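Remarks on the structure that follows.
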Amino acid sequence: MTSPSDKPRRPSMLNGLAGAFAPRQIDFDPDSPNELPKTVKIAGLLALGAGLLNVFAGFTFVFNRNAYVQTFKDNAQICKSLFNGQIGDAIPATETSADAVTCRASADATTATIANFNSAITTVIVISIAIGLGMLVGGWFLRKGSIGARRSLAVMALLLFAMTVLNFSTGLLMLLSGVMLIAAMGMCFVGKGANYFIRAKAAGRK
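Going by the working numbering, the first residue of the sequence shown is number 1452, and it counts up by one from there.
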């Protein structure tokens, strides 16, 4: 007669998760084929799309630069009209309205502040287009199974994430490109994509 303790136990949920995330056995036989999986090809296309979005975002700032500067001037003028010609720290602390809070954080549209504003726009343009071009190059070579492209794109994904956290981005386009690039990197560092690159690295590919 068997006791309840002799019966096989059902695997727990934690055991199931451990099995799902356990490293797969990888065939390192150099004579066996290491075909580029579709997931890596899709990741390359996502990286290309993310690069196009970044380049496009950069050029939108180029074409709309004058409009952004004019908006900066208009906002400063509105604040000064609301608070008797005062703006920034000059607004009395007794003013507690939402407009006062906004205008207290604003700067007057002087020659120096406009120049600084233009410099900030130029910085965003250069960074956005440079990252976009890097993604385009990386995505192209990633579709061919380049290990270096995967590494470079991973660095760009971290850079985009950091820029988003610091609110230094061109808005929705850069956010969308970051999501696309992170998804692409997930395909390259998990599952068949990860196995391919592990074997490619073991075979001496770059």
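By construction, the Cβ of each residue, glycine as well, lies at the ideal position given by its N, Cα and C atoms.
As the structure is a prediction and not an experimental result, all values here were calculated from the model.
Report the three-state DSSP secondary structure of residue i (helix, strand or coil).
i: lysine 1492; result: helix
i: alanine 1581; result: helix
i: valine 1520; result: helix
i: isoleucine 1565; result: helix
i: leucine 1487; result: coil
i: alanine 1541; result: helix
i: asparagine 1505; result: helix
i: asparagine 1526; result: helix
i: lysine 1652; result: helix
i: isoleucine 1557; result: Inspection of the sequence shows that residue 1557 is occupied by serine rather than by isoleucine. Of the three classes helix, strand and coil, the one that applies to serine 1557 here is coil, per DSSP.
i: glycine 1642; result: helix
i: phenylalanine 1534; result: coil
i: threonine 1615; result: helix
i: serine 1603; result: helix
i: leucine 1597; result: It should be pointed out that residue 1597 corresponds to serine in this sequence rather than to leucine. Reduced to three states, the DSSP call for serine 1597 is coil.
i: serine 1548; result: coil
Please identify the residue among the options whose C-alpha is closest to the C-alpha of residue i.
i: valine 1630; options: Phe1640, Lys1643 and Thr1615; result: Thr1615
i: leucine 1626; options: Ala1501, Glu1546 and Ser1570; result: Ala1501
i: leucine 1624; options: Ile1576, Gly1599, Ser1603 and Ala1654; result: Ile1576
i: asparagine 1517; options: Lys1492, Phe1648, Ser1570 and Arg1555; result: Ser1570
i: threonine 1553; options: Gly1539, Ala1566, Thr1564 and Thr1545; result: Gly1539
i: alanine 1645; options: Gly1655, Ile1598 and Ser1628; result: Ile1598
Less than 9 Å between the beta carbons of residue i and residue j, yes or no?
i: arginine 1601; j: leucine 1496; result: no
i: isoleucine 1586; j: alanine 1494; result: Per the sequence presented here, residue 1586 reads as methionine, with isoleucine not at that position. Cβ atoms of methionine 1586 and alanine 1494: not closer than 9 Å.
i: isoleucine 1633; j: phenylalanine 1612; result: yes
i: glycine 1590; j: alanine 1498; result: yes
i: valine 1513; j: phenylalanine 1648; result: no
i: leucine 1487; j: glycine 1596; result: yes
Hey, is residue i's beta-carbon within less than 9 Å of any beta-carbon in chain B?
i: alanine 1544; result: Of the chains in the structure shown, none is chain B; there is only one protein chain.
**Prompt:** Using 8 Å as the Cβ pair cut-off and three pairs as the minimum, do the segment 1555-1563 and the segment 1513-1529 touch?
**Reply:** yes
**Item:** Cβ pair count under 8 Å reaching 3, the segment 1570-1588 against the segment 1505-1518
**Value:** yes
**Asked** So, do the segment 1596-1611 and the segment 1637-1655 have three or more beta carbon pairs nearer to each other than 8 Å?
**Response** yes
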